[in-house]
Amino acid sequence: MAPIPGSGLVKGLAVTLRTMTRKTVTEQYPDAQPELPPRTRGVIGLFEENCTVCMLCARECPDWCIYIDSHKETVPPAAPGGRERSRNVLDRFAIDFSLCMYCGICIEVCPFDALFWSPEFEYAETDIRDLTHERDKLREWMWTVPAPPALDPAAEEPKEIAAARKTAEKLAAAQAEQQEPQEGAS
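According to my numbering, the sequence shown is numbered sequentially starting from 15.
The structure is reproduced here in structure tokens:
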């Protein structure tokens with residue numbers, strides 16, 4: 015059966031008419047804060063203690079908007095007779111949000127969980143050069159990162175937690191056995 019000529023136009027006009035007759039809902043943004051979805055990609059927060067200066071985030075960034083500077087520092091041996099170790103110390107961690115395309119690759123590739131999405135979105139600047147935020151500002155945004163969602167109650171327990179629980183139960187049982195003979199001897 016052939017379509018009726020002009021039926022597409024009528025359908026389009028019907029959609030337009032339906033939309034025109036609906037009541038509009040305007041969010042009064044500066045006065046009322048919007049309700050953001052839980053996984054909003056606002057800005058990137060830095061948890062500096064976890065950063066080992068591995069440079070993965072800067073290397074994987076398609077826009078090259080992450081700037082990292084560091085230096086090596088020697089750490090004295092932990093025990094006498096040990097050897098000195100060297101570690102990287104973070105000097106500068108900056109993200110140029112005028113270049114960032116918010117793809118999240120840097121957060122995904124970070125093996126030490128040093129980068130997180132923050133729902134903060136009010137960081138506009140009047141000068142584009144001020145959109146390069148240094149580590150102190152990125153650290154401030156870390157406090158706005160929401161807590162991870164709770165595990166599904168029906169989900170299987172992670173293997174690490176199960177192993178830790180089993181070890182703790184064995185230690186508790188061994189301590190209980192040691193206390194029983196002592197109590198019987200008294």
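Ideal placement from N, C-alpha and C gives every residue a C-beta, glycine not left out.
- In summary, ILE175 is exposed, with fewer than 16 beta-carbon neighbours lying within 10 Å of its beta-carbon over all protein chains present.
- DSSP assignment within the stretch 35 to 76 yields the following whole beta strand (DSSP E) runs of 3 residues or more, N-terminal first: 57 to 60.
- Residue pairing by DSSP places VAL159 in no beta bridge whatsoever.
- When rounded, the separation of the alpha-carbon atoms in LEU50 and VAL39 is 16 Å.
- The continuous beta strand (DSSP E) containing GLU87 extends over residues 80 to 89.
- In the structure shown, SER21 falls within a helical segment according to DSSP collapsed to helix, strand and coil.
- If you look at ILE121, you'll find it in the alpha helix (DSSP H) that goes 119 to 123.
- In the DSSP assignment, LEU104 falls within the beta strand (DSSP E) that extends over 99 to 110.
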